[in-house]
Structure formats: structure tokens, C-alpha cells
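A.B. asks: If you read the sequences in order, they're chains D and L. Residue 0 is where the first sequence starts when you use numbering that gives the first Met the number 0, and the numbers rise one by one after that. Residue 0 is where the second sequence starts when you use numbering that gives the first Met the number 0, and the numbers rise one by one after that.
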Amino acid sequence: MNVPTMADMMAQGKQPEVLFWVGAAGSFDDRAKKITRAFVKILHQANVDFAVLGTEESSTGDAAKRAGNEFLFQMQAMMNIEVLNGYEVKTIVTCDPHSFNTLKNEYSSLGGKYEVFHHTQYIQKLITDGRLSINDAILKDKKVTYHDPCYLGRANDEYESPRDLIKHLGVNLTEMKRNKTTALCCGAGGAQMFKDAEKGDKEINVLRTEDALETKPEIIATGCPYCNTMMTDGVKFKEKETEVQVLDIAELIAQANEL
Amino acid sequence: MQYLPNIIFAIILIIGIGFFVKNIRKLIRNIKLGKAVDRSDNKSARWKNMAKIALGQYKMVRRPVSGILHVAVYLGFVIINIEVLEIIIDGLFGTHRVFQPFLGDGVYGFLIATFEILAAIVFVAVTIFWIRRNVIRVKRFWNKEMTAWPKNDGNIILYFEMVLMSLFILMNATDVHFQEAGIGNSISQFVAPLFNGASVETLHVIEQSAWWIHIIGILAFLNYLYYSKHLHILLAFPNTFYANLNPKGQFDNLESVTKEVQLMMDPSADPYAAPPEGTEEEVPEKFGASDVTDLNWVQLMNAYTCTECGRCTSSCPASLTGKELSPRAIMMKTRDRMEEVGKNIDANDGEFKDDGKQLLNDYISPEELWACTSCNACVQECPVNIDPLSIIMDMRRYLVMEESAAPQELNMMMTNIENNGAPWQYNQQDRLNWKDEE
Chain D
0 MNVPTMADMM AQGKQPEVLF WVGAAGSFDD RAKKITRAFV KILHQANVDF
50 AVLGTEESST GDAAKRAGNE FLFQMQAMMN IEVLNGYEVK TIVTCDPHSF
100 NTLKNEYSSL GGKYEVFHHT QYIQKLITDG RLSINDAILK DKKVTYHDPC
150 YLGRANDEYE SPRDLIKHLG VNLTEMKRNK TTALCCGAGG AQMFKDAEKG
200 DKEINVLRTE DALETKPEII ATGCPYCNTM MTDGVKFKEK ETEVQVLDIA
250 ELIAQANEL
Chain L
0 MQYLPNIIFA IILIIGIGFF VKNIRKLIRN IKLGKAVDRS DNKSARWKNM
50 AKIALGQYKM VRRPVSGILH VAVYLGFVII NIEVLEIIID GLFGTHRVFQ
100 PFLGDGVYGF LIATFEILAA IVFVAVTIFW IRRNVIRVKR FWNKEMTAWP
150 KNDGNIILYF EMVLMSLFIL MNATDVHFQE AGIGNSISQF VAPLFNGASV
200 ETLHVIEQSA WWIHIIGILA FLNYLYYSKH LHILLAFPNT FYANLNPKGQ
250 FDNLESVTKE VQLMMDPSAD PYAAPPEGTE EEVPEKFGAS DVTDLNWVQL
300 MNAYTCTECG RCTSSCPASL TGKELSPRAI MMKTRDRMEE VGKNIDANDG
350 EFKDDGKQLL NDYISPEELW ACTSCNACVQ ECPVNIDPLS IIMDMRRYLV
400 MEESAAPQEL NMMMTNIENN GAPWQYNQQD RLNWKDEE
């Protein structure tokens, strides 16, 4: 697929309207790469003039910071800021709430000031601006529940953009008992993704998957590659993978628009 | 001799308030053991937060049963305390119901009638609280950290309130003139018939005893606060005022680290340069927190404000899945250690003497710290905006940056970020491979 890099753009003397920050999961994780491609298809459909950093992108440092390694975080941040500022980036969109939070909130005091969108916010904006519409026929009446990623929801008070998009799909949205501000974490945040859990009587992703399964969904929608992994594992653990799919909102939109 | 009761009253009042003030000064001293943090910005948002969250109990009612009961007790307690003003004047000057002639029967009667109704509501609400704690055994009151003193503390507060409310009604019910006048005895009129057989003298003795025990009880309760989780009735206000206003996902960037990283990344910096004149003796700043004095004063105030309601713990994904971590315990342990440090300072003429202990390990274990997902559920849930997550993060920083004591898998993750810019072992050059993989 056609994915220009900032370096390509610069060589042609162009400045894209938005930088797509792919993130480590979106770049390397097989499941998350599908989300990345789905989002790119949406950007193409809406004729968005975007670019990625490609090999010049590096970890935002979110996981390092949450693990307590402020040194590594700030080194990553300053390197990334140098690259971003070098390309005079003003607007960033990302499918990863962790990158979203870090770029939006934690880079500014280190010299990186950008307008940062989560992809659900950006797609929402494309619809409002009349650049994209969602076909509500394909997924009509599918039973969907939405899992709030902590770093989008509580961390940044964004609960509505993803839900608005889900409504555009014509599906049947049922909320879990713990939703929005009271949503339960999937278990991946705070660098937990990269380690085994501490001793306990249950895995967090299993508990959260049980919340989701209580709504009897056909699709568990989310907006975070890490939540996606955790919920997918949870569904497998509950042996429901034939009945229940875990999909990113970008994937749902790509499906609905037959991209 | 006729002034003896007034003198005794004045002495009790002075001792009661004096002792309270002494403890409050100690509390402020202990909070100031924390590091500086600037929370002087955005005053209007801060006042608004305080009005909405502390005064308006906005976050309490998210859980409707305990929330509405709490609002009842809160309103009752605050409003009934207007009556304490009259009690103090009566006590000091030997008057009896001094406000009655002053306000007129109508207004006075209305006020006392309201207080009596509120007292009854408080009594009922507090009884329900007691039942929730001890009979229904609501789960969050029975976590592992809620044994011994924290458990008793919760019940003692409820008993205090039950007794104070009962004494207030009893005092009115046995006040012969008050009952005869029939103004304002909205609830006490139903209690008064219980004493129908008693003589006027007996009633007077009961009334006077109830009056004295009531005011002494209030002073005792006031002084109980410092030793109890109940401090939130005072500290909820500054705590919500000084709470973090940034998005909850935004963690602070350590300035001390920024300086070092900038130096490291500055190609013109001389790594062997001698430190600037006069700074040779400076001890390098410690990264993160291993003891209460490494935390900031807002975090320490948070610890005193915590009333151990456990809403944080009951929404924490780690606690819900049986992990060692409980955000409430993080706050309780921080307070316990702060108290210990405070007592150490008192015992050593104002100087802290190393006691070989610290908050980390002696109170809070690395296992608790590493179980946190940084999901902010605890911060979101706290009805008075306490931030347990910030303490957890500061202590993780100490573990990683001062002790290199991260779990092995996290060390691998960090090495990967350092070497190839991703938490996994992938080649940086493969970052864009996804675009051609379909």
C-alpha cells in the first residue's frame, strides 16, 4: 500500500497535513499491523494527505516511563522530538492510546508541542468535515460492546468519539457494567504488557473479558492495540473465539466501507 | 461558687481546643516533610473543584447508596454544629438556650426542629453504615488492610456519632421548659414521654448530664480526628483544592532527569568537565521515592486525607484479581510511615534520626508496586481526589533508577527500547514492513 514517509515528502518539498504515528505495536505486532493497515485504508478513502516516520520513528518511551525509567523515557522523547520538530510536524494521529497520551501530554514540556489525535477522534473529524462517511449496512445490527482503553478514557477523558463512530456503523452497542470512567483495565498498561502478572487469583484480561462476554457480543470493539491483544487472549481463554471477535474501531470501519 | 461550672467549662474548652491545635500543627509539620510541588496555578479551577467535590460531594454519589447516606450525615453534621455555638455560649456564660429570646420562638423553634430531624437522619444513616460494615460486610471494608485499628477506627467513629446524636435528642427531651414550650421539639417530643414518671429534678439532672457529655463528646471527637481516618472531614477541602488538574494520563517529567539527558545529548558538552564553582559539595538529587520525605507534600496530605473507604481498592484491577496491591493500603502505609517519622523527629529534638527503615520494603513491597497497571481507576474513584498512582510511580522510579531493581522482563523491554527503539526485539529498519505485508 502507498504509505509515504516524511523523508519522501521532504524530498519532494511537501508537508503532509498529518503525521501518522504508527507506534511499536502497530509496526511490529502481527495483530496490530492489521489495525494499522485498516486505518491507512481509511485515510486513503478520505484522501488524507499523510505520512509516517518509517524507520525514523522510535518508541515514545511510554512503557519505559511507566516502568519507572524516566531516563530512558526522556532520551526517547528528546530524540523523537528532534525528528518531529525537524520535519516541522504540527499534527499527529495515532492508533495507540499510549502514544497518544505521551505525545499529547508528556512531550510538550520537553519541547514537543503538537496537536495530537487518537485515530477515533481523527476519523470522527473526517466525518464532521464531510471527508468520510460510514456505510451502516454491512455490520447492521451486529451485537457490539466497546472496551474503553484506560489511556484514552480515564487518562484523557475521551469516551465519546469511539462510541459515536460505533453508532455510525449501524450496530447494536451494549455497554458493559463497568464502562467509561468505571471501565476495568485490560491488564496491559503501566508496562504490564511486557511482564508476567504478580501473584494473584486471576488474570486481569480474563476478568475484563468476562465483563465483555456478559453483554453477549458478537464483536468486542476497542481502540488500542494492547487492549486488543489482552481481550483476544481473554476470549481464547474463555474458548469463545469462534463466536466473538475482538476488533479495533478502525477495522470495523474498514469492514463497513468494504475497504 | 456559682461560676464554678462556667470555669470548668472554659477549662475543658481550652484544653480541648488547645490539644487539637497542637496536633494540627504537628500534622502540618509532617505534611511539610514532603518536597515542594507547585499547585498555585489556575486558582479558579481549584476553587471550583473544591466546591464541587468536597463541598458538593459530587463524586460521592457515584455509588448511590453510600453516597446519599454520606450526604445526609455530612449535611446533618455540618448544620447541627451551628447548635454547638449556642452550647458554647451557654456554657461560658451560664445562660440557657441563649439564642431563643434573641431569635424569637418562631425562628429558634424552626432551627432546633430542623437540627432534631437532621440528628435523627444522621442516627439512622450511621446505623446503616454500621450494618453495612459489620452485618452485610461490604467487601471493601474487609480487605486485608482493614483489620485491627483501621477496622475499629471505622466503628468507633460510628459509635461517636450515634452517641452524640442521641445525647442531643436526650438533652432536648429532658428539658422541661423546652418541651412545655412545644417549639422545635420535632423529634424529642416522642422521646420525652419515656421520662413521664420522672421528677422535675431528675429530669434536670439528666438534661444537664446529657448537655455536659454532649459537649465533652464533641471535644473528644475533635481530638480523636488526628489519630483517626476521620481527618477527611477537614482535609477533603485542601486536598481537592491542591489536587492535580492535568489530564490523569500525564505523569510529571522529572526535571533532574531532563538536565542530565540534555547534557548527555549535547554534542558540545564536556563529560569530564569539573562541576561549576561552589557546587562540588552538592549531593546529587535522588531519583524517585523510597521514603516519605522523597514524596511531595500533596502526596503526604493525600495520606492524611484518606478515610479508608476503599472505593479505590474495589475498582483496582490488581486488587480485583487477588494481587498484593491495594491503592488504599498504599495511602495507609504512607501515613503510618509519616507518623513514624514525625514521632522520631519529636523524640529527637526536631531532628530525624536514622531508624534504618523506609517506606519502601518496610511498608510497601516491590510486589505491590509492580502489580499496578497505571489505569487510573483508583484516582478516578477517590471521592476526594487522592492520587495513589503518583506514589506508586515515584517508588517505581526509585526502584529502577536508583536500584536497577526492575523485574527481569522489564529490563529486557527497556534494553530493547534502548537498542532498537521498540519494546520487542525487532530491527528498527523493519518498522515499515507492514505496508507491504498484505
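Positions of the beta carbon are idealized from the N, C-alpha and C atoms, including for glycine. Bear in mind the structure is a predicted one, so any value in this text is a computation, not a measurement.
For the putative contact between L:G248 and D:N155, defined by C-beta atoms under 8 Å, what is the C-beta separation to the nearest angstrom?
C.D. replies: Indeed, because the Cβ distance is near 5 Å, the residues count as touching under 8 Å.
A.B. asks: Tell me which residues share the same chain as L:R62 and place their Cβ nearer than 8 Å to its Cβ, disregarding the 5 neighbours each side in the sequence.
C.D. replies: Only R310 meet the Cβ criterion.
A.B. asks: Can you tell which of L:G196, L:L117 and L:I205 has the C-alpha that lies nearest to the C-alpha of L:D174?
C.D. replies: The candidate whose alpha carbon is nearest that of L:D174 is L:I205.
A.B. asks: Can you tell me the Cβ-Cβ gap for L:D89 and L:H95, rounded? I've got them flagged as a contact below 8 Å.
C.D. replies: Indeed, because the Cβ distance is near 6 Å, the residues count as touching under 8 Å.
A.B. asks: For D:E250, would you say it is in contact with chain L, using Cβ-to-Cβ distances shorter than 9 Å as the test?
C.D. replies: Judged by the 9 Å Cβ criterion, D:E250 is not in contact with chain L.
A.B. asks: Which residue or residues does DSSP assign as beta-bridge partners of D:Y145?
C.D. replies: DSSP lists D:A220 as partners of D:Y145.
A.B. asks: Using only CA atoms, which one of L:I416, L:N415, L:D429 and L:I390 lies nearest to L:K34?
C.D. replies: The candidate whose alpha carbon is nearest that of L:K34 is L:I390.
A.B. asks: I think D:F49 touches D:A63, with their Cβ atoms under 8 Å apart; what is that distance to the nearest whole Å?
C.D. replies: Not really, about 27 Å apart at Cβ, beyond 8 Å.
A.B. asks: In angstroms with no decimal places, state the Cα-to-Cα distance between L:I52 and L:R38.
C.D. replies: In a straight line, the C-alpha of L:I52 is about 17 Å away from that of L:R38.
A.B. asks: Between D:K112 and the rest of its own chain, which residues show a CB-CB distance below 8 Å, the 5 nearest in sequence each way excluded?
C.D. replies: These residues qualify, in order along the chain: Y106.
A.B. asks: Using a Cβ-Cβ distance under 9 Å, would D:E242 count as near chain L?
C.D. replies: No, its Cβ sits nowhere closer than 9 Å to a Cβ of chain L.
A.B. asks: On a CA-only basis, which of D:T144, D:K194 and D:E81 is nearest D:E213? Give me that one, please.
C.D. replies: Checked all of D:T144, D:K194 and D:E81; the closest Cα to D:E213 is D:T144.
A.B. asks: Considering only the alpha carbon of each residue, which of L:M337, L:N375 and L:G341 lies closest to L:S325?
C.D. replies: Closest option to L:S325, Cα to Cα, is L:N375.
A.B. asks: Contact check, L:I79 vs L:F167 under 8 Å by CB: the rounded distance?
C.D. replies: Correct: roughly 7 Å between the Cβ atoms.
A.B. asks: Are the C-beta atoms of D:K103 and some chain L residue less than 9 Å apart?
C.D. replies: Yes, its Cβ sits closer than 9 Å to a Cβ of chain L.
A.B. asks: Bridge partners of D:T101, per DSSP?
C.D. replies: Looking at the DSSP assignment, D:T101 forms no beta bridge with any residue, so it has no partner.
A.B. asks: With 9 Å set as the bound, which would you pick, yes or no: does the beta-carbon of L:T320 sit closer than that to a beta-carbon of chain D?
C.D. replies: Taking Cβ atoms only, chain D reaches closer than 9 Å to L:T320, which makes this a yes.
A.B. asks: Please classify D:R162 as buried or exposed, where buried requires at least 16 neighbouring CB atoms within 10 angstroms.
C.D. replies: By the 10 Å Cβ count, D:R162 comes out buried.
A.B. asks: Assuming D:L246 is part of the beta strand (DSSP E), what are its boundary residues?
C.D. replies: Unbroken beta strand (DSSP E) run through D:L246: Q244 to D247.
A.B. asks: Considering Cα atoms alone, identify which of L:N432, L:Y226 and L:W129 is closest to L:K21.
C.D. replies: If we check each option's Cα against that of L:K21, L:Y226 comes out closest.
A.B. asks: With which residues is L:H231 paired in a DSSP beta bridge?
C.D. replies: Looking at the DSSP assignment, L:H231 forms no beta bridge with any residue, so it has no partner.
A.B. asks: Once the 5 residues before and after L:V297 are set aside, which same chain residues still bring their CB inside 7 Å of it?
C.D. replies: Within the same chain, L:V297 has close Cβ partners V36, R38 and Y241.
A.B. asks: Using CA atoms only, rank isn't needed, just tell me which of L:W129, L:L319 and L:L157 is closest to D:D200.
C.D. replies: For the residues L:W129, L:L319 and L:L157, the minimum Cα distance to D:D200 belongs to L:L319.
A.B. asks: Going along chain L in order, which residues have a C-beta closer than 8 Å to the C-beta of D:F193?
C.D. replies: In chain order: E408, L409, M411, M412 and P422.
A.B. asks: Of the residues D:I34, D:Q11 and D:A23, which one's Cα is nearest the Cα of D:E250?
C.D. replies: Selected option, being the one with the closest Cα: D:I34.
A.B. asks: Under 9 Å between the Cβ atoms of D:H97 and D:D140?
C.D. replies: No, these two residues do not count as a Cβ contact at 9 Å.
A.B. asks: Can a CB atom of chain L be found closer than 9 Å to the CB of D:S98?
C.D. replies: Not one chain L Cβ lies under 9 Å of D:S98.
A.B. asks: What do you get for L:D353, buried or exposed, if any count of 16 or more other CB atoms within 10 angstroms of its CB means buried?
C.D. replies: It counts as exposed.
A.B. asks: Per DSSP, what kind of secondary structure is D:E114 in: helix, strand or coil?
C.D. replies: Strand, per DSSP.
A.B. asks: Taking 8 Å as the limit between beta carbons, can you name the residues of its chain near D:N46, skipping five residues before and five after?
C.D. replies: Contacts found: R130.
A.B. asks: For the stretch 236 to 269 of chain L, enumerate the residues whose C-beta is nearer than 8 Å to any C-beta of chain C, in chain order.
C.D. replies: Chain labels in this structure do not include chain C; the protein chains are D and L.
A.B. asks: Comparing C-alpha positions only, which one of D:G25, D:K179, D:V234 and D:V88 sits nearest to D:I203?
C.D. replies: Nearest C-alpha to D:I203: D:V234.
A.B. asks: Under 9 Å, do L:P246 and D:N178 count as touching if we go by C-beta distance?
C.D. replies: In this structure, D:N178 does not lie closer than 9 Å to L:P246 by Cβ.
A.B. asks: Evaluate the contact criterion for the stretch 391 to 411 of chain L versus the stretch 183 to 197 of chain D: three or more CB pairs, one atom per stretch, below 8 Å.
C.D. replies: These segments touch.
A.B. asks: Between the Cα of L:L359 and those of L:L117, L:M330 and L:M161, spot the shortest distance and give me the residue it belongs to.
C.D. replies: For the residues L:L117, L:M330 and L:M161, the minimum Cα distance to L:L359 belongs to L:M330.
A.B. asks: Would the stretch 412 to 421 of chain L and the stretch 302 to 317 of chain L be scored as touching if the rule is three or more Cβ pairs under 8 Å?
C.D. replies: No, because fewer than three Cβ pairs between the stretch 412 to 421 of chain L and the stretch 302 to 317 of chain L fall closer than 8 Å, the two stretches do not touch.
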